[in-house]
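Numbering (the working numbering), first residue to last: 24 to 115.
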């Protein structure tokens, strides 16, 4: 079964194709992909993950399907609501 694991920083992005057996979980695919070698700041045990933009609550239990792309999400630097409020205050 073919899946992809993706991660992006502002300066570097990578999508790693991975061949995995049926029943492989999102967590297992991330570990098998070797993406941590390219991005050492990734901790598969704690990073948020999703499939095509939909967040997965339990990556260790989420079985993948053919063609899925596991996305790894960086933590937000500021709450989106706070960022919007800050922009509105600047405009006056």
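Even glycine gets a Cβ: it sits at the ideal position worked out from N, Cα and C.
Just so it is clear, the structure is predicted and the values come from calculations on it, not from any experiment.
Within the same chain, and ignoring the five residues on either side of residue 85 in sequence, the residues whose Cβ sits closer than 7 Å to its Cβ are 48, 49, 79. Here the alpha carbons of residue 82 and residue 51 stand approximately 9 Å from one another. Within the DSSP bridge table, the entry for residue 75 names no partner.
Put simply, of 112, 106, 94 the residue whose alpha carbon is nearest the alpha carbon of residue 58 is 94. In this structure, DSSP gives residue 58 a helical state, which the three-state scheme calls helix.
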